[in-house]
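Notes to accompany the following structure.
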Amino acid sequence: MVTTLLGAVAVPELELVQLLRPDGTRVPDDRYPVSLGSDELVALYDAMVVTRALDQELINLQRQGQLALYASCRGQEAASVGMAAALDDRDWVFPQYREMGAWVWRGVDPGGLAVMWRGAWLSASGLTEHRSAPITISIGTHTLHAVGYAMGAALDGDPIAVVACIGDGATSEGDVHEALNFAAVYSAPCVFLVQNNQYAISVPVHEQTRSASIAHKAVAYGMPGVRCDGNDVLATYAVVKEAAERARRGGGPTLVEAVTYRMEAHTTSDDPTRYRNAEELEQWARLDPIARYRLLLEHDGLLDEAVQRKTQARAEASTRRLREAVVDARDPDPEELFAHVFAEPTPALLAQREVLRAEVE
Amino acid sequence: MPEVTMVQALNTAVRDAMTDDDRVLVFGEDVGTLGGVFRVTDGIAEQFGKHRCFDTPLAESGIVGISVGLALRGYRPVPEIQFDGFMYPALDQLLSHVAKYRNRTRGELSVPITVRVPSFGGIGSPEHHSESPETYLVHTAGLKVVVPSTPADAYSLLRESIASDDPVMFLEPKRRYWSRQDVDLPVTTEPIGQAVVRRAGTDVTVLAYGPMVAIALEAADAALAEMGYSLEVVDLRSLVPLDCDTIVSSVERTGHCIVIHEGPRTLGMGAELAALVQEHAFYSLEAPILRASGFDTPYPPARLEDVWLPGVDRLLDCVERSLAYA
Numbered sequence: 001m002v003t004t005l006l007g008a009v010a011v012p013e014l015e016l017v018q019l020l021r022p023d024g025t026r027v028p029d030d031r032y033p034v035s036l037g038s039d040e041l042v043a044l045y046d047a048m049v050v051t052r053a054l055d056q057e058l059i060n061l062q063r064q065g066q067l068a069l070y071a072s073c074r075g076q077e078a079a080s081v082g083m084a085a086a087l088d089d090r091d092w093v094f095p096q097y098r099e100m101g102a103w104v105w106r107g108v109d110p111g112g113l114a115v116m117w118r119g120a121w122l123s124a125s126g127l128t129e130h131r132s133a134p135i136t137i138s139i140g141t142h143t144l145h146a147v148g149y150a151m152g153a154a155l156d157g158d159p160i161a162v163v164a165c166i167g168d169g170a171t172s173e174g175d176v177h178e179a180l181n182f183a184a185v186y187s188a189p190c191v192f193l194v195q196n197n198q199y200a201i202s203v204p205v206h207e208q209t210r211s212a213s214i215a216h217k218a219v220a221y222g223m224p225g226v227r228c229d230g231n232d233v234l235a236t237y238a239v240v241k242e243a244a245e246r247a248r249r250g251g252g253p254t255l256v257e258a259v260t261y262r263m264e265a266h267t268t269s270d271d272p273t274r275y276r277n278a279e280e281l282e283q284w285a286r287l288d289p290i291a292r293y294r295l296l297l298e299h300d301g302l303l304d305e306a307v308q309r310k311t312q313a314r315a316e317a318s319t320r321r322l323r324e325a326v327v328d329a330r331d332p333d334p335e336e337l338f339a340h341v342f343a344e345p346t347p348a349l350l351a352q353r354e355v356l357r358a359e360v361e
Numbered sequence: 362m363p364e365v366t367m368v369q370a371l372n373t374a375v376r377d378a379m380t381d382d383d384r385v386l387v388f389g390e391d392v393g394t395l396g397g398v399f400r401v402t403d404g405i406a407e408q409f410g411k412h413r414c415f416d417t418p419l420a421e422s423g424i425v426g427i428s429v430g431l432a433l434r435g436y437r438p439v440p441e442i443q444f445d446g447f448m449y450p451a452l453d454q455l456l457s458h459v460a461k462y463r464n465r466t467r468g469e470l471s472v473p474i475t476v477r478v479p480s481f482g483g484i485g486s487p488e489h490h491s492e493s494p495e496t497y498l499v500h501t502a503g504l505k506v507v508v509p510s511t512p513a514d515a516y517s518l519l520r521e522s523i524a525s526d527d528p529v530m531f532l533e534p535k536r537r538y539w540s541r542q543d544v545d546l547p548v549t550t551e552p553i554g555q556a557v558v559r560r561a562g563t564d565v566t567v568l569a570y571g572p573m574v575a576i577a578l579e580a581a582d583a584a585l586a587e588m589g590y591s592l593e594v595v596d597l598r599s600l601v602p603l604d605c606d607t608i609v610s611s612v613e614r615t616g617h618c619i620v621i622h623e624g625p626r627t628l629g630m631g632a633e634l635a636a637l638v639q640e641h642a643f644y645s646l647e648a649p650i651l652r653a654s655g656f657d658t659p660y661p662p663a664r665l666e667d668v669w670l671p672g673v674d675r676l677l678d679c680v681e682r683s684l685a686y687a
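Chains as they are written, first to last, in the working numbering: chain A, 1 to 361; chain B, 362 to 687.
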């Protein structure tokens with residue numbers, strides 16, 4: 001068995017599951033059969049292209065002063081779309097904040113997503129109806145919510161899977177440790193999808209952990225750990241699909257590490273030139289998830305002009321919808337600040353609402 | 362009427378809530394097989410099964426964090442944090458999520474969790490077992506904070522908390538766990554948000570909650586017997602929401618106000634209550650509002666607990682100082 005020497009500790013190496021090489025050719029792998037029809041294969045492409053278009057438009061809107069901030073998912077489209085495509089409609093997703101791919105796959109209104117980035121409210125709207133928990137900004141804390149939700153579904157005898165989405169940085173958080181442990185102890189139908197995009201803002205993953213890989217951590221919790229190429233939509237799809245099916249069958253949780261790269265800054269407020277160089281960026285650009293997948297579809301004859309036109313039209317419609325919802329949108333009524341603190345405002349809140357009302361008038 | 366302890370009242374409240382609503386779940390460290398270190402959940406796993414009352418790994422943030430997920434799924438979690446001082450690892454979940462979920466989602470999603478926390482001091486425990494965490498919670502918008510002082514209130518307020526659509530921090534005064542009261546259960550007392558005048562009086566208003574209510578009543582007996590002063594004791598019962606009307610109307614009658622609480626003085630509940638009372642009853646006040654509280658030190662070792670905690674003497678000293686202004 002191949003081993004990695006880690007200080008004095010020898011651990012077996014975890015291979016990277018890859019079904020699509022960067023040159024667009026398939027890697028045969030009996031363990032991960034991909035039985036997607038041509039429409040489904042095209043749908044993956046479509047979702048990734050729309051995701052990238054929306055992502056770029058959100059960056060533009062931030063530059064134009066329409067959004068307070070935005071955290072790009074450029075480069076991570078395959079990991080997010082692949083995960084969402086692997087799920088059933090009834091499965092739940094507990095996102096961090098870079099899951100645009102999953103939201104596009106599920107048909108979330110892009111205008112609702114921008115509510116949070118504009119600073120019009122604290123979370124995006126329109127996620128619950130698509131079985132996504134709210135965007136979570138505090139890192140990794142929502143993994144426990146995913147586990148609790150999964151425990152509840154199991155108690156109900158409802159065979160669904162729940163995906164907790166985090167990044168490499170989150171794996172250092174105590175709550176993520178507790179979530180992995182609880183999930184394993186209760187055999188919760190949960191999939192932890194770690195998009196290892198190499199950086200937690202500026203800190204590279206090798207300074208985040210001394211584990212041989214993030215997926216290796218699964219061993220200690222008593223659950224399977226799988227590494228896949230996160231820039232390979234088919235690999236992410238197949239690996240998450242297998243994990244979700246195991247979860248639904250009562251086989252317990254899985255930790256999936258999707259190895260990818262954040263091509264943009266952490267957020268629009270970040271300056272990545274302070275911590276990474278152009279050479280590195282160039283290297284990952286050659287592994288781009290959409291370019292690679294396009295080569296496959298072209299080779300398979302699935303990307304004719306009609307398909308490309310349709311995808312382009314959908315991307316344009318989505319970005320138009322986004323702009324219409326965002327540009328010069330009205331701010332919420334200040335009195336709404338008091339509306340959702342409790343089911344009914346307390347006497348103290350009602351008195352404070354009067355103070356604000358008098359100030360605003 | 363049967364005599365019940367606060368522990369029995371709480372245990373009955375949990376059982377009755379679980380009987381009435383099969384979405385109520387109870388979990389925490391040692392709450393299942395053992396029945397909780399204070400036996401509040403004694404026998405509940407046997408009665409309702411280990412799927413509804415279960416032991417968790419030793420991780421307080423995890424306990425509160427899975428409560429959020431279970432609540433989103435439609436359950437009504439009633440987790441126990443074993444001791445006040447062990448709540449701090451869960452503060453991030455409480456402050457960042459439990460308190461904010463409804464607001465973050467504009468009322469779309471709520472997390473009706475009742476976190477039971479054996480709280481406050483007075484039982485000779487080691488460090489981290491006697492904290493007064495209420496002000497951290499009261500200061501956090503979105504949490505209700507309920508503190509019973511009697512077995513009847515323990516039953517009724519816990520039932521109401523579990524039925525509430527808002528998250529509730531339910532702080533149980535552990536030194537009153539074995540106090541007894543003649544009461545038929547189930548019992549319904551005044552609702553959350555309503556303070557109760559436990560003893561009517563004319564000279565000084567004493568604002569108390571949880572373990573300090575019994576101290577205030579004892580002080581009222583002593584004040585009358587030894588000094589001829591009549592104290593009015595107001596049991597706040599819930600700190601959020603706070604019953605400002607009952608507090609203010611009492612102070613308007615007496616003109617004197619003292620707050621008693623166990624926790625350290627600086628920015629304790631006494632600070633907020635004093636501010637509120639002077640805002641609303643300034644012209645009724647005949648003396649400064651005084652505070653009988655713990656000191657601004659970490660909670661003391663068990664052998665110094667009695668001198669550290671506010672008791673009858675510290676409260677009566679405040680009474681004398683207040684009345685000296687008249």
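Ideal Cβ placement from N, Cα and C applies to all residues, glycine included. All of these numbers come straight from a predicted model, not from anything done at the bench.
Subject >> Through-space distance from residue 414 of chain B to residue 517 of chain B, alpha-carbon basis >> reply: Straight-line Cα distance between these residues: approximately 21 Å.
Original post:
Using CA coordinates, which residue listed in B/670, B/667 and B/659 is at the minimum distance from residue 489 of chain B?
Top reply: Comparing Cα-Cα distances from residue 489 of chain B to each of B/670, B/667 and B/659, the minimum goes to B/659.
**OP:** Tell me, please, whether the CB atom of residue 489 of chain B is closer than 9 Å to any CB atom in chain A?
**Re:** Judged by the 9 Å Cβ criterion, residue 489 of chain B is not in contact with chain A.
Subject >> Member of A/110, A/12 and A/348 whose CA lies at the smallest distance from the CA of residue 57 of chain A >> reply: When each option's Cα is compared against that of residue 57 of chain A, the closest is A/110.
Subject >> CB contact flag (residue 127 of chain A, residue 268 of chain A, <9 Å) >> reply: Their beta carbons are not under 9 Å apart, which means residue 127 of chain A does not touch residue 268 of chain A by this criterion.
**OP:** Have a look at residue 2 of chain A and residue 470 of chain B and give me their C-alpha separation to the nearest angstrom.
**Re:** Unreliable placement is indicated for residue 2 of chain A, whose pLDDT of 48 sits below 50; the coordinate value is still reported in the next sentence. It is roughly 48 Å from the alpha-carbon of residue 2 of chain A to the alpha-carbon of residue 470 of chain B.
**OP:** List the residues of chain B that residue 123 of chain A touches, going by C-beta distances under 7 Å, in chain order.
**Re:** Correct list: 465 and 466.
Subject >> Assigned secondary structure, residue 601 of chain B (DSSP; H/G/I helix, E/B strand, else coil) >> reply: It is a strand residue.
Original post:
Which two residues bound the contiguous beta strand (DSSP E) that contains residue 622 of chain B?
Top reply: 618-625 is the extent of the beta strand (DSSP E) around residue 622 of chain B.
Original post:
With a cut-off of 9 Å, does the C-beta of residue 458 of chain B fall near any C-beta of chain A?
Top reply: It does; some Cβ of chain A falls within 9 Å.
Original post:
So, helix, strand or coil for residue 683 of chain B, using DSSP?
Top reply: In the structure shown, residue 683 of chain B sits in a helix (DSSP, three-state: H, G or I).
Subject >> For residue 166 of chain A, the three-state DSSP class (helix, strand or coil) >> reply: Reduced to three states, the DSSP call for residue 166 of chain A is strand.
Subject >> First and last residue of the uninterrupted beta strand (DSSP E) at residue 555 of chain B >> reply: Element bounds for residue 555 of chain B: n/a, residue is neither H nor E.
Subject >> The alpha helix (DSSP H) enclosing residue 140 of chain A, as first and last residue numbers >> reply: Following the DSSP letters along the chain, one finds residue 140 of chain A in no alpha helix (DSSP H), marked with neither H nor E.
**OP:** Indicate the three-state DSSP secondary structure (helix, strand or coil) for residue 1 of chain A in the structure shown.
**Re:** With a pLDDT of 43 at residue 1 of chain A, under the threshold of 50, the modelled position of that residue is not reliable, and the figure given next carries that caveat. Of the three classes helix, strand and coil, the one that applies to residue 1 of chain A here is coil, per DSSP.
Subject >> Closest Cα partner of residue 13 of chain A within the set A/195, A/25, A/214 and A/206 >> reply: Of the candidates A/195, A/25, A/214 and A/206, the one whose C-alpha sits nearest the C-alpha of residue 13 of chain A is A/214.
Subject >> Closer than 9 Å to chain B by CB, residue 257 of chain A >> reply: No, no contact with chain B.
**OP:** Classify residue 549 of chain B as buried or exposed, calling it buried when 16 or more other Cβ atoms lie within 10 Å of its own Cβ.
**Re:** Per the 10 Å Cβ criterion, exposed.
Original post:
Is it right to say residue 362 of chain B is buried, meaning 16 or more other beta carbons lie within 10 angstroms of its own, or is it exposed?
Top reply: Residue 362 of chain B is exposed by the Cβ-count criterion.
Original post:
Does any residue of chain A bring its CB to less than 9 Å from the CB of residue 526 of chain B?
Top reply: Yes, its Cβ sits closer than 9 Å to a Cβ of chain A.
Original post:
Looking at C-alpha atoms only, which residue of B/684, B/387, B/484 and B/424 is the closest neighbour of residue 670 of chain B?
Top reply: Nearest to residue 670 of chain B by C-alpha distance, out of B/684, B/387, B/484 and B/424, is B/484.
Original post:
Which residues of chain A have a Cβ atom closer than 7 Å to the Cβ of residue 427 of chain B, listed in chain order?
Top reply: Here the neighbours are 144, 147, 148, 151 and 182.
Original post:
For residue 461 of chain B, which of helix, strand or coil comes out of DSSP?
Top reply: In the structure shown, residue 461 of chain B sits in coil (DSSP, three-state: anything other than H, G, I, E or B).
Original post:
Using a beta-carbon distance below 9 Å, is residue 134 of chain A in contact with chain B?
Top reply: Judged by the 9 Å Cβ criterion, residue 134 of chain A is in contact with chain B.
Original post:
Do you know whose CA, among A/357, A/271, A/31 and A/226, lies nearest residue 365 of chain A's CA?
Top reply: In this structure chain A extends from 1 to 361, so residue 365 of chain A is not present and cannot be described.
**OP:** Give the interface partners of residue 155 of chain A over in chain B, defined as CB-CB distance under 9 Å, in chain order.
**Re:** Per Cβ cutoff of 9 Å: 386, 412, 413, 431, 434 and 436.
Subject >> Residues of the region 331-361 of chain A whose Cβ lies closer than 7 Å to any Cβ of chain B, in chain order >> reply: For the region 331-361 of chain A, which is checked against every Cβ of chain B, the residues closer than 7 Å are 339, 340, 341, 342, 343, 346, 347 and 348.
**OP:** Verify the CB distance criterion: does residue 109 of chain A have a CB-CB separation below 9 Å to chain B?
**Re:** No, its Cβ sits nowhere closer than 9 Å to a Cβ of chain B.
**OP:** Counting only runs of 3+ residues fully inside the region 488-520 of chain B, write out the beta strand (DSSP E) ranges in chain order.
**Re:** Listed in chain order, they are 505-507.
**OP:** Select from the region 598-628 of chain B all residues with a C-beta closer than 9 Å to any C-beta belonging to chain A, and list them in chain order.
**Re:** Closer than 9 Å at the C-beta level to chain A, one finds these residues of the region 598-628 of chain B: 601, 602, 603, 604, 605 and 606.
Subject >> First through last residue of the alpha helix (DSSP H) which encompasses residue 318 of chain A >> reply: Here the alpha helix (DSSP H) through residue 318 of chain A covers 305-326.
**OP:** Give a yes or no on whether the minimum CB-CB distance between residue 379 of chain B and chain A is below 9 Å.
**Re:** So, not an interface residue.
Original post:
Does the region 43-52 of chain A come within contact of the region 68-79 of chain A, defined as at least 3 CB pairs closer than 8 Å?
Top reply: Using a Cβ-Cβ distance cut-off of 8 Å, the region 43-52 of chain A and the region 68-79 of chain A are in contact, since at least three pairs of beta carbons, one from each stretch, lie closer than that value.
**OP:** For the beta strand (DSSP E) holding residue 225 of chain A, just list the boundary residues, first then last.
**Re:** Boundaries of the beta strand (DSSP E) harbouring residue 225 of chain A: 225-229, taken from the DSSP string.
**OP:** Could you tell me the distance, in whole angstroms, from the CA atom of residue 663 of chain B to the CA atom of residue 533 of chain B?
**Re:** Their Cα atoms are separated by approximately 19 Å.
**OP:** State the Cα-Cα distance for the pair residue 598 of chain B and residue 528 of chain B, rounded to the nearest angstrom.
**Re:** Cα-Cα distance, rounded: 16 Å.
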